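Numbering (mature numbering (1 follows the signal peptide of the UniProt record, and there is no 0)), first residue to last: -20 to -1, 1 to 132.
Even glycine gets a Cβ: it sits at the ideal position worked out from N, Cα and C.
Bear in mind the structure is a predicted one, so any value in this text is a computation, not a measurement.
These notes are about the structure you will find just below.
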Amino acid sequence: MMLRTLLIAGLAAASLNAVAEDHSGHHGHHAAPATAKAEAPSTVEFQQANAVMHKDMDIAFTGDADIDFLRGMIAHHQGAVEMARVQLRYGRDAKVTRLAQEIIRAQNLEIAWMQKWLAQLEAQPRKPIVTEPRSGSWNDANWSGRTWLGER
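See below:
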């Protein structure tokens, strides 16, 4: 009985969808084409920034968690900066604009630090790759802020 009810409900939903599509051109009301938003200059720029970020995040993994993390995060942060720049060019909300400005400032600072650390790590001989996670209770609750940047 339950299967029959589900089948009938599914058929009814499909029928309603077909009727809605059949009448979508009536009454002079047309939905905006799905591509209209994709053609907005901001959307095009966001898509480009996203594509570059994902391409750049597709790193050649070394097996060294520190180096791989920094390489991926540098690309990720650079993507965030570019998306914030798109917002500055096209956005209208003052609060979002302030957020975009702060993202650019903070992410550029973090990019500089990560590039410095990456250069240092890549320049020194590294210990063998760790095959087991470190023990302990490290989690977000242990994070005490941005002390790694010398901030408190």
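query, result
"Validate contact between the stretch 63 to 70 and the stretch 96 to 112 using beta carbons, cut 8 Å, 3 pairs", "no"
"Whole-number beta carbon distance between His57 and Ile91, since they are thought to touch under 8 Å", "5 Å"
"Cβ-Cβ distance between Asn37 and Gly59 below 9 Å", "As written in the sequence, residue 37 is Met, which differs from the Asn given in the question. Yes, the Cβ-Cβ distance between Met37 and Gly59 is below 9 Å."
"For Gly43, three-class secondary structure by DSSP", "coil"
"Length of the line joining the Cα atoms of Gly71 and Ala80", "10 Å"
"Nearest to Gln87 (by Cα), restricted to the options Val61, Arg69 and Val110", "Val61"
"Best match in Trp97, Ser115 and Arg114 for proximity to Asp48 [C-alpha to C-alpha]", "Trp97"
"As assigned by DSSP and simplified to three states, the class of Glu112", "coil"
"Local Cβ density within 10 Å of Ile54, reported as buried at 16 or more and exposed below that", "buried"
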